[in-house]
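Residue 6 is where the sequence shown starts when you use this note's numbering, and the numbers rise one by one after that.
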Amino acid sequence: MGAQWKAKGREAAANAKGKLFTKLAKEIMVAARNGADPNMNPRLRLAVDQAKKASMPKDTLERAIKKGAGLLDTGATFEKVIYEGFAPHRVPVIVECLTDNVNRTVTNIRVLFRKGQLGTSGSVSWDFDHLGMIEALPEAPGADPEVAAIEAGASDLETGEDGATLFFTAPADLDAVARALPAHGFTVQSANLGYRPKNPVTLGEAERAEVEAFLNAIDDDDDVQNVYP
């Protein structure tokens, strides 16, 4: 989820290692379709980096790569599906899923959107920018995020949580900027393609809590990879 909406249960979900590893493994499998060598496959390299930061066991990581590259016999094939709609109070939401059963996923998503409104393709995506998103921490107190953004080739930045900076890039520049940031004093925590709202919605505390509960429920679904409000 974006910096604007901090899901209250996100830390607890991230600490549930089994569920986290499942999401990471699916991302690795999809990325590995374009090649099993991370050095030749930028998307796979970023996914592997994420898995290593989460302390995914080496054998689990390697098995996911082999499955995705077709080097192991497996019946599961995951495909990416995107749903669009509105959370309560007309907050636009994009939901990215990786699923081996689209019928199951769409049924679950429809149920989860009962307190909001599930839309059609394009119903809210026009109100988002598709960008590379990099969360990074300064290696030293004096590291200047604006200078780092310029030198590394990021297109924009904003202050994240816990001292982090969110760097934004054109989709094609994500890997290059993520590789360049460490030379300018920032350690990359995560790097992925995502969606950033063009017109963030401002809500009161009670309304905000309602929206966060809605987003958390969607994020907890096993087929959901990312939620962008």
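All C-beta atoms, glycine included, are put in the ideal place defined by N, C-alpha and C.
Would residue i and residue j be called neighbours here (beta carbons separated by less than 8 Å)?
i: Thr1; j: Ala145; result: Given that the chain is displayed from residue 6 to residue 234, the structure contains no residue 1 and the question cannot be resolved.
i: Leu29; j: Met61; result: yes
i: Leu66; j: Ala56; result: yes
i: Leu117; j: Asp226; result: yes
i: Lys203; j: Asp149; result: no
i: Val129; j: Lys85; result: no
i: Asp105; j: Thr125; result: no
i: His189; j: Glu166; result: no
i: Gly121; j: Phe91; result: yes
i: Asp180; j: Pro43; result: no
i: Leu2; j: Ala153; result: Because the chain spans 6 through 234 in this model, residue 2 falls outside it and cannot be assessed.
i: Leu77; j: Ala41; result: no
Between which two residues does the alpha helix (DSSP H) carrying residue i extend?
i: Ala56; result: 47 to 58
i: Phe219; result: 210 to 224
i: Lys63; result: 63 to 73
i: Ala156; result: Looking at the sequence provided, one finds Glu at residue 156 rather than Ala. Where Glu156 is concerned, the enclosing alpha helix (DSSP H) stretches over 150 to 157.
i: Asp180; result: 179 to 185
Apart from the five residues just before and just after residue i, which ones in its own chain have a Cβ nearer than 6 Å to its Cβ?
i: Val232; result: Met6, Val100, Leu220, Ile223, Asp224
i: Val96; result: Val206, Val216, Pro234
i: Ala183; result: Ile139, Val193, Ala196
Within the same chain, show all residues whose beta-carbon is closer than 7 Å to that of residue i, passing over the 5 residues directly before and after it, in chain order.
i: Asp178; result: Gly137, Gly158
i: Ala19; result: Low per-residue confidence applies at Ala19: pLDDT is 48, beneath 50, and the placement is therefore not dependable, though the value from the model is reported in the following sentence. For Ala19, where only same-chain residues beyond five positions count, the Cβ hits under 7 Å are Leu25.
i: Glu212; result: His94
i: Arg115; result: Leu123
Taking 8 Å as the limit between beta carbons, can you name the residues of its chain near residue i, skipping five residues before and five after?
i: Gln194; result: Lys58, Glu140, Ala141, Leu142, Ala169
i: Ile33; result: Leu49, Ala52, Val53, Ala56, Leu66, Ala69, Ile70, Gly73
i: Pro176; result: His135, Leu136, Gly137, Leu198
i: Val111; result: Val86, Tyr88
i: Val98; result: Glu89, Gly90, Phe91, Ala92, Gly121, Val129, Leu220, Ile223, Val232, Tyr233, Pro234
Can you give me the start and stop residues for the beta strand (DSSP E) that residue i sits inside?
i: Arg201; result: 191 to 202
i: Leu136; result: 133 to 143
i: Val232; result: 229 to 233
i: Leu117; result: It is not in any beta strand (DSSP E) - Leu117 instead sits in the alpha helix (DSSP H) that spans 107 to 117.
i: Asp98; result: This sequence places Val at residue 98; Asp is not what is there. Start and end: 96 to 104.
i: Phe172; result: 170 to 174
i: Glu163; result: 161 to 164
Kindly indicate which three-state DSSP category residue i falls into: helix, strand or coil?
i: Leu29; result: helix
i: Gly23; result: helix
i: Ala92; result: strand
i: Val86; result: strand
Segment contact, 8 Å Cβ cut-off, at least three pairs: the region 148 to 164 with the region 172 to 191: yes
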